[in-house]
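Novice: Quick one: this structure, given as structure tokens, is what I'll be asking you about.
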Amino acid sequence: MKHLLLAAMADINESLRSRWFLIYSLIFGGIIVALFMTGLTESRVMGFTGLSRLLVTYLQITMAILPVFVLLTTVRSVAGDREAGVFEYLLSLPVGLAAWYWGKMLGRFIVVFLPVILAMLLAMVWAAFKGADIPWNQVLFYTGFLIVLAWCFLGIGMLISSLARSADVAQGAAFMVWLFLLLFLDLILLGVIIKQGMPPEGVIAIALANPLQVFRTASMLLFDPQLVLLGPSAYVILDHFGRTGYLVWALVYPLLLGTLCAWIGYWIFRRGDLP
Amino acid sequence: MIRFDNVSKHFRRTTVLDGITLTIGQGDRVALVGSNGAGKTTLIRCLLGEYICDGEVILAGQEVRAHRTEILKRVGFVPQIPPPLKMPVQQLISFAAGVCDSDPDKMYAVSEQLGLAAGSFRKHPFVKLSGGQKQKLLIAIALGRDCDVLVMDEPAANLDPEARHVLFKLLAEKQNDAAMIISSHRLDEVAALVNRVIELDQGKVVLDDHVADAVDMDSVLNCRISLTRPDSAFAETVREWGFVESDDGRVWSGPVAGPDRLRFLGVLSRYAGLLNGIVMEESTDAAVSEGSNNA
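Protein sequences appear in the order of chains A and B.
First residue of the first sequence: 1, per the numbering used here; consecutive thereafter.
First residue of the second sequence: 1, per the numbering used here; consecutive thereafter.
Written as structure tokens, this is what we have:
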């Protein structure tokens, strides 16, 4: 446990000193500030609770930024460290491989999640200050969705880092994974149904398997579960699962997927050459 | 203490280690030499449990990779190329001491002995230190904890003469209780430190020989050099060794650490045309720094 915490602390400190973390934090802080400046007042005029609209917009933007940021910085850091000889030295010290791997993942998870959740907290404090209602149910679910999304892509990132032997290959692979998942979002699924005549079950399976799609549908569902917002496959899925069932799926599936990917990554890491 | 039993390592179709069988005992100070690509680094990485290899690598009766954590507590490692760690010196020492269950103060103390006041570099990122400072810090981390196997890749390459002498003294303190593997591509760099030479070539052991153990690692030679004429380049070189001049730069005296004598003579050979005479005598003084100050 001590080694795990030492490895996590080392990774947290390393991230806090790096430029990517500064840019990453500024992006999420900036998004919230920008949304407040442009969106909150306007949404009140349209009759929505200001924070609900702001949060759902924030989550949609986060869905686009968080995964690619997590993937690229994780693989760059882990595969880059290996390439630069950091592993050769630090793993010559008597730190357990499990403690090293999971400590690194834990440290990175904290660093990745912190700016996202702090930006959300900032939104709530601001809303409270302005006298707007805070939809606590929505806030709690969104926090959960963000946790599992970050964990899921962190797990995928760790797996790619274990598989790739160079930072360049790892970065390319990470980008391809992100692009692939992005392509299978709802609108493209619709195109597939129309053009290829794909069975609806296959389309639904893809939609359920894509963590980005799961995140998007779940965040929309809490806001306004209408067909116009959700897209066709999501609507069908909701019809089958029901609201509660889908929310459970949206919390459990990315968590399991991330853990499975991370565990496979660990298995590969400990069975192979370390540096 | 250490046993390599028919160890082979392949990278795709390239065989880097080819059936290495070796036994290294307590008190062995091994120079692991060979040209670039001979397999020295790979052999070291197998010993550190970093590479999966065919055959067995046993340390203190345990297979290294299977018992990595327990084994590595006994092994101090100094790499040839310092890792580009961004973490500050203090954090690196805390991390190393934490995972080794060691006292960080001991590591600071060794670094002070080597001439690096690590305490005043606490906040400095490791990667921003000079080559010599990094080397000193890595040596301090390796020697500032209890270990009975030392694995060092060209440990003295970036050190100044005074720090080298301190390193030799520290190694001398451990020479009877520890096994040492000192890797170098040049035997003359490490010859005076070792009592056994193992040469690798294309992944095979081509020489395994014990050598005369006549040089006391802790010894100091008082040296006096006379020149045919003063020379500024020579002056600059020997000042780095702590030499002082007399007779208008024609005579230079200073201390040379015993294991450094071959290296020192190598340096002098560059100025062979200037040399008028050399006297080297075993000193009764203990330390180079003292010798330097007295001179």
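All C-beta atoms, glycine included, are put in the ideal place defined by N, C-alpha and C.
Quick caveat, the model's predicted, so the values are computed rather than measured.
1) Quick one: residues in its chain with C-beta nearer than 8 Å to the C-beta of D248 of chain B, no 5 flanking neighbours on either side, listed in chain order?
2) What are the residues that DSSP puts in a beta bridge with L121 of chain A?
3) Going by DSSP in three states, N276 of chain B sits in which element: helix, strand or coil?
4) Work out the CA separation of L149 of chain A and L54 of chain A for me, nearest whole Å.
5) For the beta strand (DSSP E) that contains D54 of chain B, what are its first and last residues?
6) Would a check of beta-carbon distances place A66 of chain B closer than 9 Å to chain A?
7) Based on the DSSP output, what are the partners of N222 of chain B in its beta bridges?
8) Under a CB-based cut-off of 9 Å, is V194 of chain B close to chain A?
9) State the CB to CB distance for the pair L6 of chain A and G76 of chain B, rounded to an integer number of angstroms; the pair is presumed to be in contact (CB under 8 Å).
10) So, for M105 of chain A: in the same chain, excluding its five sequence neighbours on each side, which residues have a beta-carbon less than 8 Å away from its beta-carbon?
11) Using a Cβ-Cβ cutoff of less than 8 Å, which residues in the same chain neighbour M87 of chain B once the five nearest sequence positions on both sides are dropped?
12) Can you give me the Cβ contacts of G203 of chain B inside the same chain, cut-off strictly under 6 Å, excluding the 5 residues immediately before and after it?
13) Report the rounded CA-to-CA distance for M198 of chain A versus A207 of chain A, giving the unit in angstroms.
14) DSSP three-state label for S92 of chain A, please.
15) Could you check whether the Cβ of R45 of chain B sits closer than 9 Å to any Cβ belonging to chain A?
16) Give the straight-line distance between the Cα atoms of V56 of chain A and V236 of chain A, rounded to the nearest whole angstrom.
17) DSSP beta-bridge partners for H210 of chain B?
18) Unbroken beta strand (DSSP E) runs of length 3 or more, entirely within the region 130 to 217 of chain A: which are they?
19) Identify which residue in A:V125, A:A170 and A:I117 has its Cα closest to the Cα of D81 of chain A.
20) Suppose you measure from the CA of S289 of chain B to the CA of D160 of chain B; what does that come to, to the nearest Å?
21) Should M22 of chain A be flagged as near chain B, meaning a C-beta pair shorter than 9 Å?
22) Given Q175 of chain B, which residues of its chain have a CB within under 8 Å of its CB, disregarding the five upstream and five downstream residues?
23) Residues of chain A with CB under 8 Å from I81 of chain B, in chain order?
24) Going by the DSSP bridge assignment, what does F77 of chain B pair with across the sheet?
25) Can you tell me which of A:M9, A:S25 and A:A218 puts its alpha carbon nearest to the alpha carbon of L59 of chain A?
26) Would you say T69 of chain B faces chain A, with C-beta separation under 9 Å as the test?
Specialist: Concretely, from the data shown:
1) Walking along the second sequence from the start, residue 248 of chain B turns up at place 248. Taken in chain order, the residues that qualify are P230.
2) Counting from one through the first sequence, the residue named residue 121 of chain A turns up at place 121. Per DSSP, none; premise fails for L121 of chain A.
3) Locating residue 276 of chain B in the second sequence gives position 276, counting from the first residue. N276 of chain B: strand per DSSP, three-state reduction.
4) Counted from its first residue, the first sequence places residue 54 of chain A at position 54. Counted from its first residue, the first sequence places residue 149 of chain A at position 149. Distance between the alpha carbons of L54 of chain A and L149 of chain A: 19 Å.
5) By one-based count along the second sequence, residue 54 of chain B stands at place 54. Segment D54 to L59, the beta strand (DSSP E) holding D54 of chain B.
6) Residue 66 of chain B sits at position 66 when you count from the first residue of the second sequence. No, A66 of chain B lies away from the interface with chain A (no Cβ there is under 9 Å from its Cβ).
7) Numbered from 1 along the second sequence, position 222 holds the residue referred to as residue 222 of chain B. N222 of chain B is bridged to B:P255 and B:E281.
8) As a position in the second sequence, residue 194 of chain B is number 194, starting the count at 1. So, not an interface residue.
9) For the purposes of this step, residue 6 of chain A is taken as the residue at position 6 of the first sequence. For the purposes of this step, residue 76 of chain B is taken as the residue at position 76 of the second sequence. Actually they do not touch by this definition, with Cβ atoms about 18 Å apart.
10) In the first sequence, counting from the first residue as 1, residue 105 of chain A sits at position 105. So the qualifying residues of the chain are L154, G155, M158 and A262.
11) For this step, residue 87 of chain B is matched to residue 87 along the second sequence. Excluding sequence neighbours, M87 of chain B sits near F95, P125 and F126.
12) Position 203 of the second sequence, counted from the first residue, corresponds to residue 203 of chain B. The answer, listed in chain order, is T15, V16, L17, D18 and G39.
13) The count along the first sequence starts at 1 and reaches residue 198 of chain A at position 198. The count along the first sequence starts at 1 and reaches residue 207 of chain A at position 207. About 13 Å.
14) As a working mapping, residue 92 of chain A is identified with position 92 in the first sequence. Of the three classes helix, strand and coil, the one that applies to S92 of chain A here is coil, per DSSP.
15) Here the question's residue 45 of chain B lines up with position 45 in the second sequence. Taking Cβ atoms only, chain A reaches closer than 9 Å to R45 of chain B, which makes this a yes.
16) For the purposes of this step, residue 56 of chain A is identified with residue 56 of the first sequence, where counting begins at 1. For the purposes of this step, residue 236 of chain A is identified with residue 236 of the first sequence, where counting begins at 1. So the alpha carbons of these two residues sit roughly 21 Å apart.
17) By 1-based counting over the second sequence, the position of residue 210 of chain B is 210. According to DSSP, H210 of chain B bridges with B:R196.
18) none
19) In the first sequence, residue 81 of chain A corresponds to position 81, counting from 1. Nearest option by C-alpha distance: A:A170.
20) Within the second sequence, residue 289 of chain B is the residue found at index 289, counting from 1. Within the second sequence, residue 160 of chain B is the residue found at index 160, counting from 1. For S289 of chain B, the predicted structure reports a pLDDT of 45, less than 50, and the residue's modelled location is therefore unreliable. The matter cannot be settled from this model.
21) For the purposes of this step, residue 22 of chain A is taken as residue 22 along the first sequence, with counting starting at 1. Met is not the amino acid found at residue 22 of chain A; the sequence shown has Leu there. No - not a single Cβ of chain B is within 9 Å of the one on L22 of chain A.
22) Position 175 of the second sequence, counting from 1, holds the residue named residue 175 of chain B. Contacts found: G27, R29 and M217.
23) Here residue 81 of chain B refers to the residue found at position 81 when the second sequence is read from its first residue. Correct list: G85.
24) Position 77 of the second sequence, counted from the start, is the residue given in the question as residue 77 of chain B. DSSP output for F77 of chain B lists B:V151 as bridge partner(s).
25) Position 59 of the first sequence, counted from the first residue, corresponds to residue 59 of chain A. Among A:M9, A:S25 and A:A218, the Cα nearest to that of L59 of chain A is on A:A218.
26) Taking the first residue of the second sequence as position 1, residue 69 of chain B is located at position 69. Output row for T69 of chain B: interface = yes.
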